[in-house]
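Q:
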Amino acid sequence: MSPQELERAGIALFGERFRSALASALGVSKGAITNWFQGTPIPGSVIAAITAWLRIKELTGELPPSSPGSDQAFDPSLTQTRGRKPKYAGLLDLPPSALPGIVIDPDIMSGEPCFAGTRIPVQVVLDNLGAGDSEEAIMKAYPSLPKGSVTAARKWARELGLAGGSATEDP
Numbered sequence: 003m004s005p006q007e008l009e010r011a012g013i014a015l016f017g018e019r020f021r022s023a024l025a026s027a028l029g030v031s032k033g034a035i036t037n038w039f040q041g042t043p044i045p046g047s048v049i050a051a052i053t054a055w056l057r058i059k060e061l062t063g064e065l066p067p068s069s070p071g072s073d074q075a076f077d078p079s080l081t082q083t084r085g086r087k088p089k090y091a092g093l094l095d096l097p098p099s100a101l102p103g104i105v106i107d108p109d110i111m112s113g114e115p116c117f118a119g120t121r122i123p124v125q126v127v128l129d130n131l132g133a134g135d136s137e138e139a140i141m142k143a144y145p146s147l148p149k150g151s152v153t154a155a156r157k158w159a160r161e162l163g164l165a166g167g168s169a170t171e172d173p
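Structure (structure tokens):
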């Protein structure tokens, strides 16, 4: 996420005077926000949270939390998601068809997103793609991966705006 994309997202979520509200919602200082605008890399968890908030706002019209921990007003499904990683909790309102083949379950790998029917985290496939491995090589290295897992991982990266997501897409 570039500083320009961060600014567009901040305005879309909180309006023109978004910096304080964004800092409060993320639980960071306004200085951290300023640093990101000056080129300091934006952490993946921040990108994931902002992307999820934008997606939820698009789907439901709801605004993000005003501070960390107040997500229940924004995402009522959090009352049913104890144990899940907070950075993925906002995605739970998406229909299963939005991210097919990916499961977020607190009883599987402590809530880390995994491929359905396995304990293989999505991040493992993304890391392999980022290292230049082909789909064939990944499927050979992880024979229990269901068919379509590499495509699902690419979609996951695009949905969350993860670093390297666009680099791993099919042309």
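Just so we're aligned: 44 in the working numbering is position 42 of the sequence shown, and the numbers increase by one with no gaps anywhere.
In this text, a Cβ means the ideal position worked out from N, Cα and C, and glycines have one as well.
Taking the alpha helix (DSSP H) that V127 falls in, what are its first and last residues?
A: Run containing V127: V124 to G132, per the alpha helix (DSSP H) assignment.
Q: Tell me the rounded alpha-carbon separation between I140 and Q6.
A: Those two C-alpha atoms are separated by around 34 Å.
Q: From the DSSP output, in three-state form, read off V30 for me.
A: Three-state result, V30: coil.
Q: Where do the ends of the alpha helix (DSSP H) carrying K59 lie?
A: Segment G46 to T62, the alpha helix (DSSP H) holding K59.
Q: Taking the alpha carbon of P148 as the reference point, which residue from T62, G12, F117 and I35 has its own alpha carbon closest?
A: Residue F117 is the option with its Cα nearest to P148.
Q: Judging by CA-CA distance, which residue of E138, R21, Y144 and L131 is the nearest neighbour of T120?
A: The candidate whose alpha carbon is nearest that of T120 is Y144.
Q: Under the three-state reduction of DSSP, which class applies to F2: helix, strand or coil?
A: No answer is possible for residue 2: the residues shown for the chain start at 3 and end at 173.
Q: In three-state terms, what does DSSP make of I104?
A: In this structure, I104 counts as strand in the three-state DSSP scheme.
Q: Roughly how many whole angstroms lie between the Cα atoms of I44 and T36?
A: Looking at the two C-alpha atoms, the distance is approximately 11 Å.
Q: When the Cα atoms are used, what is the spatial distance from A133 to L61?
A: In a straight line, the C-alpha of A133 is about 34 Å away from that of L61.
Q: Using alpha carbons as the reference points, say which of E64, P123, A154 and A11 lies closest to A50.
A: Here the closest residue by C-alpha is A11.
Q: CA-CA distance, W55 and V126?
A: One C-alpha to the other measures close to 25 Å.
Q: For a quick check, are the C-beta atoms of L128 and A154 less than 8 Å apart?
A: No. Outside cutoff.
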